[in-house]
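A short worksheet on the structure shown next.
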Amino acid sequence: MMQAALAGDQLAYDRLLRELAPAIRAVARRRFASMGVSASESEDVVQETLLAIHLKRHTWRTGDPLGPWLWTIARNKLVDHMRRRGRRIEVPIEDFAEILPAANERPATDAADVDRHLALLPEKQRAILKAVAVEGASIGEAAARMRMTPGAVRVALHRGFARLAEKLRADE
Amino acid sequence: MKTEDLIRGLSADSSRRPGLGAGLALALGPGLLGSMLLFTLLLRLRPDLAEILAEPRLILKFAVTLTLAAAASALVLRLSRPGADPRPGLAALLVPLAILAIGVGGEMAATPESSWMTGLIGHNARFCVALIPLISAPLLGAALLALKRGAPTRPALAGAAAGLVAGGIGAALYALHCTDDSPLFVLTWYTLGIAIVTAAGALIGRRLLAW
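Okay, structure coming up:
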C-alpha cells in the first residue's frame, strides 16, 4: 500500500494513513500511561508522527520493511514531544486556555499542538490548509476559492505542512 | 485540527519527490563544481602529475579518499533513513582505513626509519590542513542541504558522516595539488583536514538535520 501511495495513488495513501493512525495512537497512549502523562496528549504525538511520515516518506524505499521505518519515526516524535514537554513544564495551562480550541464532538482525535502552530503560519498557507484539510475542499476548489492556480495551491499546501512541522520542532 | 482532517490534508498533498540517494547525488554535482572552482582559484595541479599517475603513493591517496567518500555516502544514507541499520555503513569505513594501513605499512617497510619523519612533516602540512576543509566546504554545504530531506535519529552523527563524504572528495581534489606523497603525511595531515570537515558537519548537522 505504501508503494501505491508513493506512486501517487491518493486513495491508497489516504487509506494507509487512516490505518496507521490508530496503531500510532495505541502505542502513544500506552507509553504515556506508563509515564504517568495524560492520554489526551497522545493525539499531539499521533499528528506529529503522521506529519513526519508524510514529509519524510521519500526516506522509505520500495522493499524496505515498513515497520521499523514507521516506528523509528514514531519513537523520535514521541521523544521530541516529551523533550518539549519537559522544557515548558512550568508554564501553567491557563496561559493556553484562551487559544485552545473549544470542545467539539470528537475530542479524542483533537490535538492542541498542531492547532496552536497552525495559527502561526502565513495567512495564505493557513487558509489553504484549512480549506483542504478541515473543509475537505479539493485542490481545484481551493484554487478557485483563493483565485490561485491549482499548481500554486499544491505548492502552498506542501509548504504549509513543511512549515508546520518546522514550527512544531522549534517550539521550545 | 482533528487527526482525520490532518490525514485528508496530507493525502491531498501529493507532491512527489526524488529519493534520498538521488537527492544526495544530485546535490554533490554542484557541490563538486564549487570545490573545483575553489581549487582553480587557490591551487594548481602539481606539475609532475602526468608523469607520476601510476606511482603507488599517489594512487594510495586517491584510493583512501575516494573509498572514504563512497563508504561515508553509504553510511550517511543509512543514518538518514529511519529504521535502517547503520552498521554495514560503519563497516564500509574499514575499507579506506585498511587501504591506508597497508600504505603506511608498505612505506615503513620500504623506506629507512630516518626518512619517516621527513615524509611525515612534508613541505606543506599546515597548508594541507587548512586547504582540505576549505575545498570541501561547498561539498559539505551541498551534502547537508540534500540530507535535510532525510530523517536521522542522530542528526549530529549524520552531519559527521556528511563531513566524511565532503572531506573525502575534497581531500582527493587536494591530492591533485599536493606534492607530499608519503603515506605517513596522508595518515597525519589528510586525516586531520578531513577530521575538521567531519567536526564541522557534526556541529552544523546537529541543528540543521533535526526534523
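Heads up: the protein sequence lines correspond to chains A and B, in order.
In terms of the numbering used here, the first sequence has 32 at position 32, counting the first letter as 1, and numbering is strictly consecutive.
Position in the second sequence (first residue = 1) + 1000 = the numbering used here.
Glycine residues also receive a C-beta, built at the ideal position from the N, C-alpha and C atoms.
Please read these numbers as outputs of a predicted model, since none were measured by experiment.
At least one beta carbon of chain A lies nearer than 8 Å to the beta carbon of B:G1009. Rounded to whole angstroms, the separation of the alpha carbons of A:R25 and A:E43 is 7 Å. Around the beta carbon of A:V114, a 10 Å sphere encloses 16 or more other beta carbons of the protein chains shown; the residue is thus reported as buried. Assigned with DSSP and collapsed to three states, B:D1048 falls in coil, not helix or strand.
Secondary structure of B:K1002 (DSSP, three-state): strand.
In the DSSP annotation of this structure, the continuous segment of the alpha helix (DSSP H) that includes A:M35 starts and ends at 10-35. If you check each beta-carbon in the region 34-62 of chain A against every beta-carbon of chain B, the ones closer than 9 Å belong to E43, V46, Q47, L50, L51, A52, I53, H54, L55, K56, R57, H58, T59, W60, R61. In the structure shown, A:D110 adopts extended strand secondary structure according to DSSP, grouped into three states. Boundaries of the alpha helix (DSSP H) harbouring B:L1068: 1056-1080, taken from the DSSP string. Fewer than three Cβ pairs drawn from the region 1194-1201 of chain B and the region 1105-1116 of chain B lie within less than 8 Å of each other, which leaves the two stretches out of contact. Its Cα nearest to that of A:V37, the residue A:R85 stands out among A:H54, A:R85, A:I53, A:L11.
Separation of A:H81 and B:L1068 (C-alpha to C-alpha, rounded to the nearest whole angstrom) is 36 Å. Here the alpha carbon of A:I128 sits roughly 6 Å from the alpha carbon of A:L157.
In this model, A:W69 and A:L20 are separated by some 13 Å (Cα to Cα).
If only complete runs of 3 or more residues are kept, the region 1079-1134 of chain B shows no beta strand (DSSP E) anywhere. Counting only residues of its own chain and dropping the five nearest sequence neighbours on each side, B:P1086 has a CB closer than 7 Å to the CB of L1075, R1078, L1079. Per the C-alpha coordinates, the member of B:L1173, B:L1208, B:D1180 positioned closest to B:F1039 is B:L1173.
Taking CB atoms only, B:G1201 has no neighbour in chain A less than 8 Å away.
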